[in-house]
Structures are given as C-alpha cells and as structure tokens.
Amino acid sequence: MAKKHITLLAKSSSGYFYNVEVYFEENNILAYCSCQAGENGMLCKHVKGIINGDDTILYDTKQKKELEQICNHLPETAIPLLVSEIKNTEDLLEEAKRNAKKAKKNLEKVLLGKIHKS
C-alpha cells in the first residue's frame, strides 16, 4: 500500500481545532496532533478519539468519511490490540484502587475499634 495521508480537524476544549495528521502504512497508522500534548510526543485525547472512531471529536462533521477510512485500516495494525491492553490494564487499576480503599476502610475499623466481635 502506498503511503496515504489524511488531515482531520479535531475539536479543542476552547472551541477551536487541532490538526491531526494521519499517515497510512501497510500494517500501521502514524498519527500526529498539533495540540500541546501531541507536540510533546504524547498520545493526546484527539488521537485517542480518532482511533476509537469517536466522531464527536471532529471539528468538521463533513470529515466522517475520512474518520471511517482510518477506522477501516485499524484492524490491519497492532493498534486495536494495544488499545484493548490499555483498557484492560486501566480496568485492573480501577479494581485495585477499589480494593485498596476497601482494605484501608477495614484497617480503620479495626484500629478505631469499630468491628464488634459477636
């Protein structure tokens, strides 16, 4: 597949837009955003929205077809697997946070004498 390029306009929280440059490769997609996080080489919410197929991130709703082209190419890449890995890890992290909070509450009850033995 020849290298192909799409520029999407992603909404900013200030009401303006950022340019998200998406480059297609045979088994990959490269994406760069003009927001501060993107300029610093970080994965930003604009690129995340695009790879998740979220058309509400689009500043120009006429670009839905381009977003669809990107989403149609994703299964040929490792991106869906990596996105799934992130979600699973974040879910485990949330569960661990809930468990830690519960354990702290139990410790507080014991230390403060709130657990009554029957």
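With our numbering, the residue at position 12 of the sequence shown is 12, and numbering never jumps.
Note that the Cβ used here is the ideal one computed from N, Cα and C, for glycine as well.
These figures come from a predicted structure and were not determined experimentally.
Please state whether DSSP places residue i in a helix, a strand or coil.
i, result
"E26", "coil"
"E33", "First, the residue type needs correcting, since residue 33 is Cys and not Glu in the sequence shown. Looking at C33 - three-state DSSP - the assignment turns out to be strand."
"A103", "helix"
"D92", "Sequence inspection shows Leu at residue 92; the Asp mentioned does not correspond to that position. Of the three classes helix, strand and coil, the one that applies to L92 here is helix, per DSSP."
"M1", "At M1 the pLDDT is 49, less than 50, meaning the model places this residue with poor confidence; the figure from the coordinates comes in the next sentence. Correct three-state label for M1: coil."
"L8", "strand"
Measuring alpha carbon to alpha carbon, tell me which of the options ends up nearest residue i.
i, options, result
"Y23", "L67, P80 and T56", "L67"
"K26", "D60, N99, L107 and A78", "A quick correction: the sequence has Glu, not Lys, at residue 26. If we check each option's Cα against that of E26, A78 comes out closest."
"I57", "T89, K4, Y16 and N88", "Y16"
"V20", "G38, S13, S14 and K4", "G38"
"H5", "I29, S14 and S13", "I29"
"L82", "L112, L107, G113 and L43", "L43"
"S12", "E76, Q69, E90 and D60", "D60"
Taking the CB atoms as reference points, tell me whether residue i and residue j lie closer together than 9 Å.
i, j, result
"C71", "G53", "yes"
Can you have a look at residue i and say buried or exposed, based on whether 16 or more other CB atoms are within 10 angstroms of its CB?
i, result
"Y18", "buried"
"I86", "exposed"
"A96", "exposed"
"L92", "exposed"
"L8", "buried"
"Q36", "exposed"
> Does the pairing of the segment 101-111 with the segment 48-66 give three or more beta-carbon distances under 8 Å?
Replying inline: no
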